[in-house]
Ligand SMILES: NC(=O)C1=CN([C@@H]2O[C@H](COP(=O)(O)OP(=O)(O)OC[C@H]3O[C@@H](n4cnc5c(N)ncnc54)[C@H](OP(=O)(O)O)[C@@H]3O)[C@@H](O)[C@H]2O)C=CC1
Ligand SMILES: NC(=O)C1=CN([C@@H]2O[C@H](COP(=O)(O)OP(=O)(O)OC[C@H]3O[C@@H](n4cnc5c(N)ncnc54)[C@H](OP(=O)(O)O)[C@@H]3O)[C@@H](O)[C@H]2O)C=CC1
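Protein chains in written order, with the numbering used here: chain R, 19 to 313; chain D, 19 to 313.
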């Protein structure tokens with residue numbers, strides 16, 4: 019009796035990667051340029067290493083050349099800044115990404131600000147965020163995860179204009195830019211966070227919900243307006259002894275309850291996750307096109 | 019039977035100007051520096067000339083030195099840019115303000131971007147707006163009108179944290195930054211604009227309403243939750259043959275209806291208006307203090 023359409027992020031991401039592959043080969047043929055993405059990894063966090071490996075693989079699969087720098091945990095901030103500076107000046111590199119979190123002895127803000135704005139494919143620079151917030155201004159890059167959320171709505175023909183949208187979470191990398199994007203498309207946006215007193219009541223009025231909280235199954239069936247469209251950004255490990263690793267991943271929305279009430283929903287995994295990486299590839303291509311003036 | 023407390027912006031603005039006057043004389047005594055504000059006016063719009071004259075008068079009254087450049091309507095963009103550049107380099111100038119609107123043959127974005135961010139006392143630079151939107155970042159300046167709205171809430175001891183706030187209007191200079199400021203203070207914020215389908219329903223849930231729409235008396239009594247606090251930014255001329263000029267000014271909120279339902283409300287005129295100029299003086303002082311490292 020689950021009635022919601024499943025928004026298949028994995029399949030959309032695959033389509034997008036196909037489109038990117040085609041564009042990159044056209045670019046290579048016509049002007050001989052291959053987009054390049056540089057990734058800087060500091061320290062030996064396993065999860066970070068996995069993310070970086072996946073990004074590298076995805077780059078290869080679409081024809082983006084990837085450059086990788088791995089620095090030990092106890093590196094000095096200056097070393098990271100030197101690598102950023104040399105990538106800033108390297109014409110073969112069109113996007114620069116610093117894998118977060120950085121070791122605690124480093125100043126994240128300093129390091130992120132060092133990436134030149136033309137290569138800030140993460141879109142986290144305050145100048146980009148400011149342009150995203152302002153009418154009549156265009157950011158150079160839109161942060162990947164929120165961009166992926168909106169792209170899913172577009173590809174599933176979900177009307178945004180004039181709809182009531184609720185974003186749960188307001189982080190700099192997901193919730194806040196997601197709210198700005200929805201607003202740019204003329205949704206009426208409300209933003210819920212940890213100090214909100216009546217999240218259920220507000221969420222219940224939404225035609226579109228984007229949940230980016232980091233709280234497993236927080237959004238229950240009773241929070242959802244019948245027919246709403248749900249985008250679940252959350253990726254939360256919960257114990258599960260039936261799984262080989264002892265845990266499984268769930269979203270911020272209680273899928274079993276929600277899929278009976280919503281008109282469409284993203285699964286976790288296989289929803290927003292694959293879109294994030296597709297948007298990173300897309301931003302890198304956009305950057306190479308802009309730098310080389312190629313349309 | 020009007021029960022709402024009147025939020026007296028005129029009187030608060032006067033208090034603030036008193037505080038600024040005291041700080042400026044302390045600064046002058048201790049380090050011999052007087053803050054300076056440069057205003058650039060292009061063209062001969064009467065309303066703009068009035069605003070500029072008022073700003074100048076207010077500067078004088080608190081001890082800020084004001085510099086004024088008036089250029090003819092048919093000036094070239096380069097002339098404006100040259101004046102900005104010389105103010106950027108002038109150590110006696112701590113704030114630069116370009117009176118809007120500019121003549122239509124000029125590129126407003128180019129001109130505003132030319133003001134160096136350390137002297138952008140209007141706070142309209144995208145880098146400032148980005149920092150305002152981001153957690154953990156601090157803007158150098160907060161735009162004057164929305165800053166004035168929040169300052170009124172503070173001075174009247176209105177709790178913001180955890181309250182439901184609705185901002186009606188999302189312009190770059192008022193509505194959008196007002197929403198970001200409320201959010202920074204942990205309100206749960208919803209933003210209403212011209213594409214919103216059920217503004218009354220959403221507004222009715224708000225503990226705090228900031229209206230910046232430019233539609234006379236749009237917010238009616240039926241839109242307001244009993245006990246709400248209302249900040250009316252709107253300044254709208256409506257015909258009134260009993261007035262010497264043939265018109266009077268009203269806000270975006272229907273005052274006569276609202277004052278029976280709200281717990282507090284700003285009048286128009288005498289509410290937000292005087293606060294805008296007080297915040298401009300405050301931003302200019304902040305800038306001079308920062309540039310001269312004076313606390
Ligand atoms: N699919 C993908 O590619 C990606 C997935 N993620 C996942 O998305 C989720 C969110 O990530 P991120 O934005 O980085 O997380 P953050 O921890 O940075 O932000 C979480 C936000 O949720 C709010 N919040 C926390 N608890 C509650 C609550 N009980 N009720 C309402 N709001 C609450 C916080 O509020 P406050 O601001 O008041 O503290 C904060 O704004 C995580 O599960 C993460 O793993 C993240 C990035 C990419
Ligand atoms: N007190 C002071 O010092 C100041 C006062 N003001 C006054 O504040 C008011 C707003 O100014 P400003 O922000 O510059 O105006 P703008 O015209 O730039 O923006 C108006 C906003 O209101 C929205 N809007 C318009 N009509 C409706 C409607 N019927 N329902 C819902 N939303 C609507 C618009 O929506 P959309 O984005 O969809 O077009 C837009 O976001 C004006 O009256 C102005 O005179 C302004 C600055 C300073």
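For every residue, glycine included, the Cβ atom is placed at its ideal position computed from N, Cα and C. Bear in mind that the values here come from a model prediction, so they are computed numbers and not experimental data.
Residues in the stretch 203-228 of chain R having any Cβ partner in chain D nearer than 9 Å: So the close ones are 204, 205, 206, 207, 208, 209, 210, 211, 212, 213, 214, 215, 216, 217, 219, 220, 223.
Under DSSP, the alpha helix (DSSP H) around residue 95/R begins and ends at which residues? 95-107 is the span of the alpha helix (DSSP H), which, as asked, contains residue 95/R.
Relative to the C-alpha of residue 39/D, which candidate in 25/D, 21/D, 79/D has its C-alpha closest? For residue 39/D, the closest alpha carbon among the candidates 25/D, 21/D, 79/D is that of 79/D.
Alpha-carbon to alpha-carbon, residue 35/R and residue 95/R: Taking the straight line joining both Cα atoms gives about 34 Å.
Cβ of residue 146/D less than 8 Å from any chain R Cβ? Using a CB distance cut-off of 8 Å, residue 146/D counts as an interface residue toward chain R.
In chain order, which continuous runs of the alpha helix (DSSP H) of length 4 or greater are located wholly inside the stretch 150-192 of chain R? Complete alpha helix (DSSP H) runs here, min 4: 162-173.
Let me see if you follow: with CB-CB separation under 8 Å, is residue 236/R close to chain D or not? No, residue 236/R does not count as interfacial toward chain D.
I want to see whether chain D comes within less than 8 Å of residue 201/R, judged by CB atoms only; does it? Output row for residue 201/R: interface = yes.
Going by the DSSP bridge assignment, what does residue 54/R pair with across the sheet? Answer by DSSP bridge pairing, in chain order: 83/R.
Closer than 8 Å, CB to CB, is residue 71/R near chain D or not? Judged by the 8 Å Cβ criterion, residue 71/R is not in contact with chain D.
Taking 7 Å as the cut-off, is the C-beta of residue 189/D nearer than that to any heavy atom in ligand 2? Yes, Cβ of residue 189/D sits closer than 7 Å to a heavy atom of ligand 2.
So is residue 179/R in contact with chain D if we call contact Cβ pairs under 8 Å? At least one chain D Cβ lies under 8 Å of residue 179/R.
Just to confirm the assignment, what range does the beta strand (DSSP E) spanning residue 255/D have? Here the beta strand (DSSP E) through residue 255/D covers 254-257.
Please check if any C-beta of chain D sits within less than 8 Å of the C-beta of residue 128/R. For residue 128/R, the answer is no, since every Cβ of chain D falls outside 8 Å of its Cβ.
C-alpha distance - residue 132/R paired with residue 58/R, whole-angstrom precision: Distance between the alpha carbons of residue 132/R and residue 58/R is about 13 Å.
So that I know if they touch, is there some Cβ in chain R lying closer than 8 Å to that of residue 149/D? Judged by the 8 Å Cβ criterion, residue 149/D is in contact with chain R.
Cβ-Cβ distance between residue 162/D and residue 196/D below 8 Å: For the pair residue 162/D and residue 196/D, the CB atoms are not nearer than the 8 Å cut-off.
Contacts that residue 190/R makes with chain D (C-beta to C-beta distance below 9 Å): Taking the beta carbon of residue 190/R as reference, the chain D residues within 9 Å of it are 151, 152, 153, 154, 155, listed in sequence order.
Grab me the residues of residue 289/R's own chain with a C-beta within less than 7 Å of its C-beta, minus the 5 sequence neighbours each way, in chain order. Cβ within range, chain order: 25, 27, 250.
Who are the neighbours of residue 45/R on chain D, taking C-beta pairs under 7 Å? In chain order: nothing, as chain D lies at least about 29 Å away.
Cα-Cα separation, residue 107/D to residue 312/D: Distance between residue 107/D and residue 312/D, taken at the CA atoms: about 20 Å.
Quick check: what's the CA-CA separation for residue 143/D versus residue 102/D? Their backbone Cα atoms lie some 14 Å apart in a straight line.
Short of 6 Å in beta carbon distance, which residues of its chain neighbour residue 211/R, apart from the five on each side in sequence? Order them along the chain. 188, listed in sequence order.
When you compare the CB of residue 194/D with every CB in chain R, is at least one pair closer than 8 Å? So yes, residue 194/D belongs to the interface.
Could you tell me the alpha carbon to alpha carbon distance between residue 270/R and residue 244/R, rounded to whole angstroms? Cα-Cα distance, rounded: 18 Å.
Can you tell me whether DSSP reads residue 260/R as helix, strand or coil? Residue 260/R falls in the coil class under three-state DSSP.
Looking at the unbroken beta strand (DSSP E) that takes in residue 232/R, where does it start and where does it end? Counting along the chain, no beta strand (DSSP E) covers residue 232/R, and no H or E run does either.
Could you pull out every residue in the same chain whose Cβ sits closer than 7 Å to the Cβ of residue 224/D, ignoring the five residues on either side in sequence? If we look at residue 224/D and ignore the five residues flanking it on each side, its Cβ neighbours are 182, 183, 184, 243, 246.
For residue 202/D, count the other beta carbons within 10 Å of its own beta carbon; 16 or more makes it buried, fewer makes it exposed. Which is it? The residue is buried, with at least 16 neighbouring Cβ atoms inside 10 Å.
Given a cut-off of 8 Å on the beta-carbon distance, is the pair residue 85/D and residue 67/D in contact? Going by C-beta atoms, residue 85/D is not nearer than 8 Å to residue 67/D.
Less than 8 Å between C-beta atoms, sequence neighbours within five positions excluded: which residues of the same chain meet that for residue 391/R? Any property of residue 391/R remains undetermined from this structure, which presents chain R solely from 19 to 313.
Kindly confirm or deny that the stretch 216-235 of chain D and the stretch 146-157 of chain D touch, where touching means at least three C-beta pairs closer than 8 Å. The answer is no - the stretch 146-157 of chain D does not touch the stretch 216-235 of chain D, with fewer than three Cβ pairs under 8 Å.
What is the DSSP secondary structure of residue 113/R, counted as helix, strand or coil? In the structure shown, residue 113/R sits in a strand (DSSP, three-state: E or B).
State the beta-bridge partners of residue 250/R as determined by DSSP. In the DSSP output, where bridge partners are listed per residue, residue 250/R has 229/R.
Compare the beta carbon distance of residue 51/R and residue 306/R with 8 Å and say whether it is the shorter of the two. Contact flag set, yes.
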